[in-house]
Amino acid sequence: MELLINLTINGLATGMLIFLLASGLTLIFGLMSVLNFAHGGLFAWGAYSGVWFYALTDSFVLGIVGAIITGIVLGFITEKLIITPVYGNHVQQILITLGFMLVLTELLKVVWGPNQIAAKVPPYLAGSWEFGDVLIIKYRLFIIIVGFVIFGLFQYMLQKTKIGLIVRAGVMNKEMVQALGINIKRVFLYVFMAGAALAALGGALMAPYSGVVYAEMGFEFAILAFIVVVIGGMGSFPGSLLAAILVGLAGSYMAYYVPALSLAVNMMLMAIVLIFRPQGLFTAKG
Amino acid sequence: MKQKFQWNNYLLGVGVLALVIFPFVSDSRTWTILLTQIFIFSILAMSYDILLGYTGIVSFGHAMFFGMGAYTTAIMMKKAEPTMGIFFLSMGVGMLLAGVVSFFIGLLTLRLKSHFFAMLTLAVSGLFLVLAEKWRTLTYGNDGFTFKAPEFFKDRMMFYFLVLAMLVLVYICLRRFVNSPFGRVLVAVRENEQRTQSLGFNPLHYKVIASVVAGVIASLAGSLYAVSLRFVNTSVLAMDITLDALLMTIIGGVGTLIGPIVGAGIIELTQHYLSGLAKEYPIFERWIIFFGIIYILAVIFFPRGVVGTIREKMWKRQSKKSEVKPVTKKEGLG
Amino acid sequence: MDPILKTDQLTIRFGGHTAVSNVSFEMPARQLKSIIGPNGAGKTTFFNLLSGELKPTEGEVFFKGKRITTMSAVARTRLGLGRSFQITNVFPNLTVLENVRLAVQSKKNIRYQMTRHFFHYKSLMEEAQQLIDLVLLQGREHAIASQLSHGEKRKLEIAMLLALDTEVLLLDEPTAGMSLEEVPAILDVIKKIKQKGDKTILLIEHKMDMILDLSDSIMVLFNGKLLADGSPQEIMDNETVQNAYLGGLYDENAVES
Amino acid sequence: ACNIDEDTEKPEASTGDDNGEEVQGTIKIGVLASLTGALEAYGKQTKQGFELGLEYATGGTMEVAGKKIEVVFEDTETKPEVAVQKATKLLEEDEVDFIVGSSSSGDTLAVLPLAEEYEKIMIVEPAVADSITGSEFNPFIFRTARNSSQDAVAGAAAIAGPGVKIATFAPDYSFGWDGVAAFKKAAEDLGAEVVLEEFADPAATDFTSNLQKIIEEDPDYLYVVWAGANSPWNQIADLKLQEKGIKISTGAPDIAALSVMEPLIGMEGFTVYYHTLPDNEVNDWLVKEHKERFNGEVPDLFTPGGMSAAIAIVEALKKSEGDADGNNLISIMEGMSFETPKGTMTFREEDHQAMQSLYSIKLEKQDGVPYPVPVLIRELTPDETEPPINN
Amino acid sequence: MKTLLKVDDIHTHIGQYHILQGISFEARVGEVSVLLGRNGAGKTTTLKTIMGLTPASKGSVTFDERDITKRATYDIANSGIGYVPEDQGIFGELTVEENMKVAMRKEDDATLARQEYVLELFPDLKTYWKKDGGHLSGGQKQMLAMARAFVHENKLLLIDEPSKGLAPIVIEKVMEAIMEMKKKTTIVLVEQNFIMASRIGDRYTLIDDGATVQTGAMKELIHDEEVKRKYLGIG
Ligand SMILES: Nc1ncnc2c1ncn2[C@@H]1O[C@H](COP(=O)(O)OP(=O)(O)OP(=O)(O)O)[C@@H](O)[C@H]1O
Ligand SMILES: Nc1ncnc2c1ncn2[C@@H]1O[C@H](COP(=O)(O)OP(=O)(O)OP(=O)(O)O)[C@@H](O)[C@H]1O
Ligand SMILES: [Mg+2]
Ligand SMILES: [Mg+2]
């Protein structure tokens, strides 16, 4: 029983972390339909700047804030320079964002050097509690809480405002949305910036979790994020949350019970979900 | 229209001729190898273009077929004799294998809509990667293994010619393929699947056949790749290979067939030059940044890929000369 | 004479909404029947059921006595059931000529030929050209379909259907958005085809004046149900049709002209 | 096209008699390393070490047996096909006499056959895969780097003993499997018992399930074989393995990676190199020069390896009196011993693997050093770490 | 009467094509102006140019005494112009309700009340309130497109072929609605249905080959058999 609880809590926490990584992509890829291969770059920049600001200010919270600001700024630059010319054209998006990904990753090395850098958990979140055989790692609990907060925040925003609707409409028919009096360019810019900020936040929270940041971390986790967004159903926050938790739990249980298959677990999960639910778990509808 | 075609073919002929003569006037092995490498990736990229450019399918799992060819050839050369016979046999076996696998995967997955299909191919090829990783008795896992190439290829020039011949052959066959009535339907499927259906063509058949053709050709490229390195490891199944094929196709111009060849050339050559520059000028130490910037500029200046954009420009100039006015003057009926 | 097309208790539901409800009709061969009915009556859906785009929840479709209810759209087209679409549905980035040529290619049953250059099939090209002329699109052969004006797209749509040369033609509002001047020309094309006497035509239209003298019979759909099926005059005199569908427009029109 | 011509004429010109240098002779060495990409840090270490090594071995003259030494570095980008391209370029265009490299086992394996084809000596540094001097071995291959088995033997020597229960944890691919298999053998030879072998997806974010199993097994030691940035140390600490009486042991990596091992302070393991560990002149020179040249930085994990490779080449050439012919060198180098920053190394005759010292260490926190420092417990002599012969 | 919209000799290029080659007309407050012309004449492009979707390369568009030639589309729309495109521009994956929601610039009581009014005009929409726009019938889509433009009290409405695909009785209703709306709103209409055009139009502009051929009062056109025959093929 304790074992099951442990596995579940850890799986849930990993799932939440993955959700945080994927949430930005849910906006950018799921909702705006931009195949953003540079997402991992935004994520890695978030991680590095989080560590850097933390070291600079000696405050974890300020580190996170710094990362989010970095994300917003980078999101602005990315949207204006890279994404604007290629909205609606997936082929061009692949090329230009992959190019930008290379630039972002290499720039990390220019700024912070090619070596990995240690990322520390703040003292008040370090360590774990033990209740009998049940062990709860503080930082994971923190991740779970942040995950739910972010989920709630964005779910509320998408449900209670028209932004989600407008973005989806804009993807379907940009001209028409404009003809209805909406400055869709600005909406896209803001949503992209929000997505980039989420990516950066994900990176900043991921860093202490694994204890290290390195320039190539972006690409690895970007693929995971794409998987989550797709099996969750494009553009659906509840879908992404569910998919992320599914991935987290499946990883946790498989690694324990069927370790031989744990390498393949994400891919298998995705294959199974898509074969039985070709549109993903949820659709973007509230 | 006819004339333009001939002109194009003429140009291509000259290009091929130059490449045939090249090893005789230059004995730079680096160039032979680099060009061989470019030819191999051209074949791979062309196969990808059949999917992306002609049928409108984005696949993130193309490396799986490339890897299948590479492993089949490598394993057969290692386990059996490294002779030309075995080499061609292994190529055939690899292609057959890729054909069968792509057929079933296509049947299973091609009903899915774009993104979902793309991710499913990613999943399947990911599973193949795990398989190669785990089946160590055969693949030696992630480290991979070396093997001997046939005696005939000891002279890399011979291999160069073989690969060049393969490239030309594949190009001609694929050109035929896309310009056949079948190929025209592929384009129709890309444009509007549902309408293709109501014209009496079954889109699924077309998509599956296209993915089989693409898979088989990718496997051929994989076989050649393995022999060119005399080594194989799991990197042939990695996402990077798919992305390379994807980038080459896009940079060159999707749906042009010649574009992927140009794209392969551009990417390999710039990479070669930039990394060469890095040795001489410290500012190029981070040459990958410049490489990334080239992708970005490519999209901005060649939105339809190099070949696609040039073609468009030429077509525009032509049509401007003859001034095809969209608004047709018609005599009033009165 | 046996009906070429027949439905039996044809029904389809979308969620709770019955779009076509228990429609049994018979289509005599080589005739022209028009289908009218208010917006959302189920006309297009009925076409979709005939052409195989949709599968019925209940009921059967017969073609020449053969049950085709579960057949795919592809198979039905090959069998001889061709259709045009209400919402323009062409290959947007191909030229007008290529759009039509593809349809001709299907008619000629050239489906899996992969080794010959398509330029070898000159006749396809010629035939496509003739059809383009027929629907008054000459001069626009090399225009990209997405750049056509709305009316021009409608004409292309018709050319593609005619290219299929199927025994049964299902036309969904072929003249919607076509300019006043050209409607008669298109009607003429339809009339000619009808006069040649080897085709069966089903036509959805809202322009009553144009179908009255063209149709052998008219059927009326109403809330998914078959309300009436009879000669044009019978239908025009039908009071429900008058009140719920026609309104006053055509009376006054008659007065004015 | 004109570039092509230039490139192609150069080699011809330089081989011609009219070239003055030819009389004196030049020894050319090509070094392959990952100078970009994920393994960039390793590549740089090799490069710096190699340059320093040449300088040291030639006494700053950069000449051996009257011949000038030239070095060409090439970036493999950690891609086998690029490695082959660059290696061929080195062999064909630069006409190098030696190949050195590379940072990844894959790149190295891909280049091995070329050494044989061109009959040039290849010094493998720092790739670790056993198969390089095992199943894929050819006589032109010499390795100054330690291999996975040596790591494993060293790892076992650090902790194994009669009755000791050990669990292993490794990434789920060749590197992990080879490492664990070799470790298991070595540990069992020393009388220990390997009670559990856990493998995890190296890219996973969560290792707690594996660690959970290890906790349940309750071994004396957990031996971790790990490489790559995404590491399990935090989670090992979070799950309080050490508090539960499970001692951790692993190989101490380069300094950058050490900095993330804070949770493991106190652990006993082994290392290939840390600049304070070896006690010999070569190392003293290396540390001093390195600090001088690279504004105070100390040599790192693979710096001495690069240096060793350079020393090996120079020593061999001294013995051959400048004869760089691959076939002749093989017999000279087989069994050759040479002094390196890690003490005396000897190329084993059978598989050309350099026998070398490794170090049994303990991680300690030291003032003024921002990362856990490996402190010497004892040096593991080349005899102790001798791996099995596999070729 | 006051001129609300003045289109002055506009030229529009799409790609390398010179589509509009001199279109001029005026729409006066409280009137319905109809653009007439055969397929491909440039009627739709004219409306798009006014909306800023295919900006003019030459000439000017003045709306409400402001030059809007170079303004962004959303800005033009917000200055009080509603637009019903010929392809309806329905967001297929959004429900009818969501389609309406996107169109509403604000959700105050006045707008909601107006929505009620619009829905009375097209009761079908109410029936299919939660249905995906893409699943509507052709005519229902047309209704939805109009409802979206009508939900605000715009100063000007640009409507591209409102009667297309509608049942005769609905055309009646739409005509009534336009007549009703005309009291507060100026309307520019593209219409192929001459019966409808002549009944609700006050002025007409005849376009051919991308240029204005003639413009005048609708009453005159009804009796101008010559023009009707030459450009409209009727009479
Ligand atoms: N795929 C679908 N899902 C849900 N409802 C649908 C679907 N297709 C059609 N409907 C509904 O079925 C009804 C009939 O639609 P249909 O398109 O057949 O009407 P129609 O008679 O062609 O009307 P119109 O004259 O306006 O084209 C409509 O109410 C429509 O909303
Ligand atoms: N994107 C485009 N690219 C090139 N040509 C275009 C484009 N859009 C329209 N055209 C051309 O401009 C001309 C005018 O088109 P427009 O749509 O304005 O005609 P229209 O008068 O609305 O016709 P219809 O009555 O058929 O709707 C047509 O010849 C059309 O082919
Ligand atoms: Mg309809
Ligand atoms: Mg129009």
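Protein chains in written order, with our numbering: chain A, 5 to 290; chain U, 159 to 492; chain S, 48 to 304; chain D, 1066 to 1456; chain Y, 100 to 334.
Built from N, CA and C at the ideal position, the CB exists for glycine as well.
None of the values given here were measured: they were computed from a predicted structure.
Just jot down, in chain order, the residues whose CB lies closer than 5 Å to any heavy atom of ligand 1.
S:Phe-61, S:Ala-66, S:Asn-86, S:Gly-87, S:Ala-88, S:Gly-89, S:Lys-90, S:Thr-91, S:Thr-92, Y:His-234, Y:Leu-235, Y:Ser-236, Y:Gly-237, Y:Gly-238
Any C-beta of chain Y under 8 Å from that of A:Gly-2
Residue 2 of chain A falls outside the range modelled here, since chain A spans only 5 to 290, and no answer is possible.
Short of 7 Å Cβ to Cβ, which residues in the region 75-102 of chain A face chain D?
none
Assuming Y:Gly-300 and Y:Gly-141 form a contact by the criterion Cβ under 8 Å, report the distance between their Cβ atoms to the nearest whole angstrom.
With 8 Å as the limit, Y:Gly-300 and Y:Gly-141 do not qualify as a contact, their Cβ atoms being about 18 Å apart.
Distance, A:Asn-119 Cα to D:Ala-1106 Cα:
6 Å
Who are the neighbours of D:Val-1149 on chain U, taking C-beta pairs under 9 Å?
Ile-191, Gln-195, Ser-386, Leu-387, Arg-388, Phe-389
Express the C-alpha separation of S:Lys-200 and S:Asn-136 in angstroms, rounding to a whole number.
8 Å
So is U:Thr-213 buried or exposed if we call it buried at 16+ other beta carbons inside 10 Å?
buried
Please report the residue range of the alpha helix (DSSP H) in which U:Met-235 lies.
221-237
Go through the region 99-124 of chain S residue by residue and report every complete run of the beta strand (DSSP E) that reaches 3 residues or more, in order.
105-110
Tell me, please, whether the CB atom of Y:Asn-138 is closer than 8 Å to any CB atom in chain S?
yes
Counting pairs of Cβ atoms below 8 Å between the region 213-224 of chain Y and the region 142-159 of chain Y, do you hit three or more?
no
Name, please, each residue of chain A whose Cβ falls closer than 7 Å to the Cβ of Y:Leu-224.
Correct list: empty, because the minimum Cβ distance to chain A is about 16 Å.
Secondary structure at Y:Val-326, three-state DSSP: helix, strand or coil?
helix
Are the CB atoms of D:Pro-1439 and D:Pro-1343 within a distance shorter than 8 Å?
no
Helix, strand or coil at Y:His-234 according to DSSP, with G and I counted as helix:
helix
What is the DSSP secondary structure of A:Ile-186, counted as helix, strand or coil?
coil
Contact belief for A:Gly-168 with A:Thr-30 at Cβ below 8 Å, rounded distance in angstroms:
Their Cβ separation, rounded to whole angstroms, is 11 Å, which puts A:Gly-168 and A:Thr-30 out of contact at 8 Å.
Cα-Cα separation, U:Gly-411 to U:Tyr-329
15 Å
Find the residues of chain U that neighbour S:Phe-138, judging by a C-beta separation of less than 7 Å, and give them in chain order.
Ala-346, Glu-349, Asn-350, Arg-353
Tell me which residues of the region 61-75 of chain A have at least one Cβ-Cβ distance to chain D shorter than 8 Å, keeping chain order.
none
Taking DSSP as the reference, what is the three-state secondary structure of S:Gln-185?
coil
To the nearest angstrom, report how far apart U:Phe-317 and D:Thr-1141 are at their CA atoms.
22 Å
Which one or two residues does DSSP pair with S:Met-266 in a beta bridge?
S:Ile-82, S:Asp-276
Local conformation of U:Ser-272 per DSSP, three classes
helix
Could you tell me the distance, in whole angstroms, from the CA atom of D:Glu-1201 to the CA atom of D:Leu-1174?
8 Å
Applying a beta-carbon distance threshold of less than 9 Å, which residues of chain A neighbour Y:Ala-176?
Gln-182, Ala-183, Leu-184, Gly-185, Ile-186
Quick check on the DSSP output: what are the complete beta strand (DSSP E) runs of length 3 or more inside the region 139-170 of chain Y, in order along the chain?
157-162
What I want to know is whether the C-beta of S:His-197 ends up closer than 7 Å to one or more non-hydrogen atoms of ligand 6.
With respect to ligand 6, the structure shown offers nothing to examine, as its ligands consist of ligand 1, ligand 2, ligand 3 and ligand 4.
Straight-line gap, U:His-363 to U:Leu-266 (C-alpha atoms, nearest Å):
12 Å
A:Lys-164 at chain Y interface by Cβ criterion, 8 Å:
no
Do we get a CB-CB distance below 8 Å when we pair Y:Gln-115 with the residues of chain S?
no
Cβ neighbour criterion (16 or more within 10 Å) applied to Y:Glu-185
buried
Please list, in chain order, the residues of the region 332-343 of chain U that have any C-beta partner in chain A closer than 9 Å.
none
Return no unless some Cβ of chain A is closer than 8 Å to the Cβ of U:Met-277.
yes
Look at D:Glu-1139 and D:Gly-1370 and say whether their C-beta atoms are less than 8 Å apart.
no
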